[in-house]
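Chains P and G supply the protein sequences, listed in that same order.
Counting in the numbering used here, the first sequence runs from 5 upward without gaps.
Counting in the numbering used here, the second sequence runs from 70 upward without gaps.
Note that CB positions come from ideal geometry on N, CA and C, so glycine has one too.
See below for the structure under consideration.
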Amino acid sequence: MERLRATRPHLFVQGDDQPVGFTETRGNAVRLVALDRSGMGAGLRPGLTLADARARVPELAVFPHDPHADLDWLERLADGCHRYTPTVALLPPDALVMDIAGCTHAFEGERFLAADVERRFARRGVLARHAFGDTAEIAHALARYSGSPAPDERGAVRRLPVAALGLDGEATDALAAAGLKTVGDVMARPLSGLAARFGGDAATAVRRLAGEAHAPVAARVRREPVVAERRFAEPVSRTEHVLGVLTDLAAEAAIELERRREGGRRWEARLFRADGAVHRLRIETGRPTRDPQLLLRLFRERIDALADPLDPGFGYDLVRLGVALAEPLDGHQLKLEGGAAREEEGAVAMLVDRLSTRLGPARVRRFVPRDSHVPEQAELTLPAARPAPAPATVGTWPRPEPGEPPSRPIYLFDPPEPVDQVLAEVPDAPPARFRWRRRTHEVARAEGPERIAGEWWRRVDADAPARDYYRVEDRRGRRLWLFRIGAYGTGEAPRWYVHGLFA
Amino acid sequence: MSDSAVPSSGLLADLRCLAAGPARPQAAQGGADWCRGGLARGCLHEVYAADEEDAAAAAGFAAALALAGAATPLVWLRPGHAGAGQGRLHATGLAELGLAPDALLLVVAADVPALLRAAADVARCPGVGTLVMESWGPMPTLDLTATRRLVLAAERSGVTVVSLRCRAEPVASAAATRWRVAAGPSTALEANAPGGPAFVVECLRRRGGAPAPARRVEWNRETRCFEPRSEHRPDYLPEHRPGEAPLAGAGLSLAAGGAAARHPPASVRAGG
Chain P
5 MERLRATRPH LFVQGDDQPV GFTETRGNAV RLVALDRSGM GAGLRPGLTL ADARARVPEL
65 AVFPHDPHAD LDWLERLADG CHRYTPTVAL LPPDALVMDI AGCTHAFEGE RFLAADVERR
125 FARRGVLARH AFGDTAEIAH ALARYSGSPA PDERGAVRRL PVAALGLDGE ATDALAAAGL
185 KTVGDVMARP LSGLAARFGG DAATAVRRLA GEAHAPVAAR VRREPVVAER RFAEPVSRTE
245 HVLGVLTDLA AEAAIELERR REGGRRWEAR LFRADGAVHR LRIETGRPTR DPQLLLRLFR
305 ERIDALADPL DPGFGYDLVR LGVALAEPLD GHQLKLEGGA AREEEGAVAM LVDRLSTRLG
365 PARVRRFVPR DSHVPEQAEL TLPAARPAPA PATVGTWPRP EPGEPPSRPI YLFDPPEPVD
425 QVLAEVPDAP PARFRWRRRT HEVARAEGPE RIAGEWWRRV DADAPARDYY RVEDRRGRRL
485 WLFRIGAYGT GEAPRWYVHG LFA
Chain G
70 MSDSAVPSSG LLADLRCLAA GPARPQAAQG GADWCRGGLA RGCLHEVYAA DEEDAAAAAG
130 FAAALALAGA ATPLVWLRPG HAGAGQGRLH ATGLAELGLA PDALLLVVAA DVPALLRAAA
190 DVARCPGVGT LVMESWGPMP TLDLTATRRL VLAAERSGVT VVSLRCRAEP VASAAATRWR
250 VAAGPSTALE ANAPGGPAFV VECLRRRGGA PAPARRVEWN RETRCFEPRS EHRPDYLPEH
310 RPGEAPLAGA GLSLAAGGAA ARHPPASVRA GG
């Protein structure tokens with residue numbers, strides 16, 4: 005909500021008192037998922053359908069719920085909180101956890117620190133509530149839920165409503181129905197009974213609020229991106245100079261990357277022209293690298309492949325090279341055992357990068373098997389510049405039986421090409437003659453049928469009719485892969501298709 | 070010894086010296102024969118599909134050549150528009166010829182200049198075993214100069230370049246060999262099922278040597294060899310195949326078979 009107010013103030017010209025809600029389509033109804041304070045004050049609650057809410061509060065302003073943008077916003081807030089402590093963790097959808105142990109001395113105490121946080125947030129229009137706790141869970145529960153006042157933290161936790169346990173709605177309702185209204189009521193019961201009734205997670209939640217168990221805090225790790233840049237008093241305009249500068253910058257970036265034991269996979273060069281225009285050159289490599297010479301070659305390819313040639317105008321006065329994506333890369337050994345083979349492998353990887361840079365990553369592809377017996381889904385091609393998928397996520401290539409002829413074609417038509425004038429014996433003999441691409445083929449040899457049915461366990465294929473495949477060889481020696489959909493004698497005439505060609 | 074062994078071994082010898090070519094005498098001695106070593110490495114070879122419908126046979130032949138020479142990894146370069154009429158390359162089918170799909174890279178070029186440029190890049194890369202450059206229709210830009218450029222790159226890097234031409238007529242080029250490939254009748258299996266890959270192969274041009282008439286060969290996946298088939302004709306005849314010579318032992322000359330004369334197969338020695 006505050007995100008919207010901050011980023012799109014024009015939406016709120018009517019003033020701040022207008023109730024605001026956020027909606028989401030759940031099932032077939034548009035329902036409210038979040039409301040601002042005045043909306044809640046008007047008696048609306050999340051979960052209400054929009055039609056009902058409009059009937060009660062006609063002036064309600066409604067926006068679609070966008071969890072991704074909310075998360076981005078929360079991350080920005082978290083970035084801002086790094087001024088207080090290095091350990092900031094996100095608790096989506098709307099909470100931040102800061103570990104302020106040892107970080108309060110600059111603020112003369114935690115209360116002042118919290119006040120500073122709230123003041124800073126309020127300046128950006130963010131309404132924040134804070135709480136302190138021994139553990140992240142306790143602080144989170146105290147900040148989100150309110151119980152009756154208590155002298156100390158332990159007492160305050162005990163007086164929180166059971167919803168603070170963070171269980172699902174059903175369990176919370178069941179606890180309330182059992183007469184357990186507060187966390188303290190639940191804690192007074194033996195944990196074993198709770199675990200038996202609501203599962204181990206419920207018991208863990210209780211123990212966490214009691215401070216007996218800790219959940220790990222996934223702190224955001226902020227890494228400074230690797231950037232190298234060079235400014236020029238006298239703008240440079242020749243492409244060769246720019247490339248030379250890029251090589252120097254790549255060497256600088258490589259030093260930093262080596263220190264981090266990383267290599268760049270996506271690089272972006274920005275050329276700032278003296279008159280304010282910025283040219284961007286992006287390259288991507290299949291393997292992480294920090295080799296300036298390789299990057300130079302790729303940037304050269306990129307510049308050559310540009311639809312509009314690079315127009316330096318009055319020259320560039322700033323060149324910046326950034327690593328947009330870095331991956332772990334250890335220093336590797338060369339020229340040891342298998343060094344030559346590695347070098348050749350490296351040559352192929354470099355070739356892949358070059359071609360991917362020039363033609364586009366989608367045009368340089370490798371084949372990946374899939375666990376499917378539907379021929380057109382049994383393999384797919386992926387951009388070769390991307391890292392290979394894990395072996396567990398892909399299928400295996402079929403192993404040909406010694407002595408058996410190929411059972412799959414080398415060219416596959418997608419979609420299959422229809423054939424007509426098929427002459428075949430009923431019910432399931434291979435065709436004796438058929439016409440494909442305006443030529444008649446007389447079948448000399450044939451094998452089949454091989455029945456390939458749709459994969460009923462996948463929803464999209466459930467209704468796909470079974471196909472009967474035949475390997476046929478015509479009188480001129482051409483081997484084709486035909487299939488038939490439907491059967492003779494079922495009313496509708498079956499249809500025949502060519503699906504592939506054998507060598 | 071049986072009669073069939075002599076033409077068979079003679080054919081082997083002929084094929085052996087055919088493939089080696091006089092430009093690479095060391096290859097002829099080094100066993101770079103057709104059956105074991107594929108075509109000479111670091112050269113440009115052209116494979117023409119005899120007919121549009123023989124494109125798959127020509128493609129299979131090109132892949133088999135790479136396998137016979139153990140020249141992998143294989144980079145298959147296709148023009149972007151080939152996908153529509155010809156279907157897509159099916160790695161499972163190529164795997165059944167013996168080509169490991171992991172050693173296969175597919176590059177699709179948007180247009181002819183991009184195709185030629187990518188071909189030059191691949192031919193320059195020493196890590197690549199074979200480049201199969203598929204092209205459809207006449208390619209005026211794939212002329213003597215362009216092929217010469219490919220040959221130079223291939224000679225330096227040792228990449229075997231196979232230019233796979235479909236729907237095209239042979240034109241002047243710097244290729245070491247030029248073949249016309251058509252689908253051949255296979256040896257029938259049980260219940261008249263189609264057999265393995267079979268080709269009718271005709272050598273149209275060979276640098277420094279005479280062309281050879283068409284023969285029928287079958288590809289053996291296990292031994293990675295082309296096996297000449299002349300013992301039996303299929304029970305049906307190809308309707309019309311211009312330039313196909315009768316596949317008998319009489320058509321095979323040992324005159325040029327220096328390599329075979331030096332290393333005659335054991336069966337010939339025993340018989341002779």
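Nonlocal neighbours in the same chain, by C-beta distance under 7 angstroms from residue i, ignoring five residues either side
i, result
"P:THR27", "VAL34, ARG35, LEU36, VAL37, LEU54, VAL66, PRO68, HIS69"
"P:ALA82", "VAL92, LEU94, LEU100, ARG224"
"P:PRO498", "ARG488, ILE489, GLY490, ALA491, TYR492"
"G:ARG110", "GLY138, ALA140, GLY227, THR229"
"P:CYS107", "TYR88, THR89"
Proximal residues to residue i (C-beta, below 8 angstroms), its chain only, five neighbours per side dropped
i, result
"G:ALA243", "LEU113, LEU213, THR216, ARG217, LEU219, VAL220"
Neighbour flag for residue i against chain P, beta carbons, 9 angstroms
i, result
"G:ALA245", "no"
"G:ALA223", "no"
"G:CYS112", "no"
"G:SER336", "Low per-residue confidence applies at G:SER336: pLDDT is 41, beneath 50, and the placement is therefore not dependable, though the value from the model is reported in the following sentence. No, because no Cβ of chain P sits closer than 9 angstroms to the Cβ of G:SER336."
"G:LEU166", "yes"
"G:PRO263", "yes"
"G:CYS194", "yes"
"G:ALA133", "yes"
"G:PHE295", "no"
"G:SER255", "yes"
"G:PRO170", "yes"
"G:TRP248", "no"
"G:GLY277", "no"
Beta carbon proximity, residue i to chain G, threshold 9 angstroms
i, result
"P:ASP4", "Summary: the structure shown does not reach residue 4 of chain P, with chain P confined to residues 5 through 507, and so no result is reported for it."
"P:GLU348", "yes"
"P:ALA507", "yes"
"P:SER411", "yes"
"P:ILE414", "yes"
"P:GLU451", "yes"
"P:ALA214", "no"
"P:GLY342", "With a pLDDT of only 47 at P:GLY342, under 50, the local geometry of the prediction cannot be trusted, and no value is derived from it."
"P:ARG369", "yes"
"P:GLU63", "no"
"P:PRO395", "no"
Contact under 9 angstroms by Cβ, residue i with residue j
i, j, result
"P:PHE371", "G:LEU175", "yes"
"G:CYS272", "G:TRP288", "no"
"P:TRP485", "P:TYR474", "yes"
"P:GLU122", "P:HIS134", "yes"
"G:ARG147", "G:GLU238", "no"
"G:ALA133", "G:PRO266", "yes"
"P:GLU477", "P:ALA450", "yes"
"P:ALA126", "P:LEU171", "no"
"P:VAL330", "P:ARG269", "For the record, residue 330 of chain P in the displayed sequence is Ala; it is not Val. Yes. Within cutoff."
"P:PRO431", "P:VAL398", "no"
"P:ALA132", "P:LEU146", "no"
"G:ALA119", "G:ALA251", "yes"
"P:GLY290", "P:ALA389", "yes"
"P:ALA278", "P:PHE318", "yes"
Integer Cβ distance of residue i from residue j, believed to fall under 8 angstroms
i, j, result
"P:PHE506", "P:PRO410", "6 angstroms"
"P:ALA168", "P:ARG148", "7 angstroms"
"G:GLU121", "G:ARG236", "5 angstroms"
"P:TRP271", "P:ILE287", "5 angstroms"
"P:PRO404", "G:ARG290", "6 angstroms"
"P:GLY326", "P:VAL230", "7 angstroms"
"P:ARG294", "P:LEU261", "5 angstroms"
"P:ALA232", "P:GLU256", "4 angstroms"
"P:PRO4", "P:ARG358", "Past the boundaries of the shown model lies residue 4 of chain P; chain P is included only from 5 to 507, so the question cannot be answered."
"G:GLY156", "P:TYR415", "4 angstroms"
"G:ARG164", "G:LEU233", "Correcting the residue identity first, residue 164 of chain G is Ala in this sequence and not Arg. Between G:LEU233 and G:ALA164 the Cβ distance is about 19 angstroms, and since that is not below 8 angstroms, they are no contact."
Sequence-distant residues of its chain with Cβ nearer than 6 angstroms to residue i (five each side left out)
i, result
"G:THR199", "ALA135, ALA140, LEU143, THR229"
"P:ARG362", "GLU305, ALA309"
Original post:
Which runs of the alpha helix (DSSP H) fall wholly inside the region 131-217 of chain G and span at least 4 residues, in chain order?
Top reply: Scanning the region 131-217 of chain G from its first residue to its last, the whole alpha helix (DSSP H) runs of 4-plus residues come out as 151-155, 160-164, 181-193.
Original post:
Which parts of the region 354-394 of chain P are runs of the beta strand (DSSP E), unbroken and 3 residues or longer, counting only runs that do not cross its ends?
Top reply: Positions of the beta strand (DSSP E) runs, each at least 3 residues long and wholly inside the region 354-394 of chain P, are given as 368-373, 383-387 in order along the chain.
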